[in-house]
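Everything on this sheet refers to the single structure shown next.
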Amino acid sequence: MSDHADEFVLYDLRVEVVAGDREMVCDHQVGDYFEVSGESLSFPPGQTFPMYPLAALLPLLPAKQRETHPNDWMTTDSDIACPDPLCGGRFRITRVAERTFRHSEVTRVPLE
Ligand SMILES: [Zn+2]
């Protein structure tokens, strides 16, 4: 296979806490964030992130990393509610950059 023939592109994401319409219950503050690049999450030094909203966000991240149809709600909807029904926290997922990966570097399954 020629060089770069197995490349593909994913978006890097930023997930940031934004204010909802009521007080926050959990230990997340407006402006807290983490970033997603490939399979990796990164958090600013010293910042924590509660596990329950993280668990709610995780299933959406691989879809947001990929190009989606302009009419798809996955393209347009970017604010995710905290799973605590009494918490006003919202988490905004933003596509911040495109990053190129190589199939051969992320899996051992061969391309056909
Ligand atoms: Zn919350």
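For the sequence shown, this note's numbering gives the first residue as 1261, with consecutive numbering after it.
Even glycine gets a Cβ: it sits at the ideal position worked out from N, Cα and C.
Check                                                                                                                                     : Outcome
Quick check: what's the CA-CA separation for VAL1296 versus ASP1287?                                                                      : 20 Å
Provide the residue span of the beta strand (DSSP E) that contains VAL1290, from first to last.                                           : No beta strand (DSSP E) holds VAL1290; DSSP gives it neither H nor E.
Taking just the CA atoms, how far does HIS1329 sit from CYS1347?                                                                          : 31 Å
According to DSSP, which residues form a beta bridge with ARG1362?                                                                        : GLU1267
Can you check DSSP and say which residues form a bridge with LEU1301?                                                                     : VAL1296
Return the CA-CA distance between ASP1263 and PRO1370, expressed in angstroms with no decimal places.                                     : 15 Å
Which class does LEU1346 belong to by DSSP, given the choice of helix, strand or coil?                                                    : coil
Beta carbon of VAL1285: closer than 8 Å to some heavy atom of ligand 1?                                                                   : yes
On the DSSP bridge assignment, give the partners of GLU1276 in chain order.                                                               : TYR1293 and ARG1352
Hey, would you say the C-beta of GLY1349 is under 8 Å away from at least one heavy atom of ligand 1?                                      : yes
Excluding the 5 residues flanking LEU1270 on each side, which residues of the same chain have their C-beta closer than 7 Å to its C-beta? : GLY1298, GLN1325, ARG1326, ARG1359 and PHE1361
What are the residues that DSSP puts in a beta bridge with ALA1357?                                                                       : ASP1272
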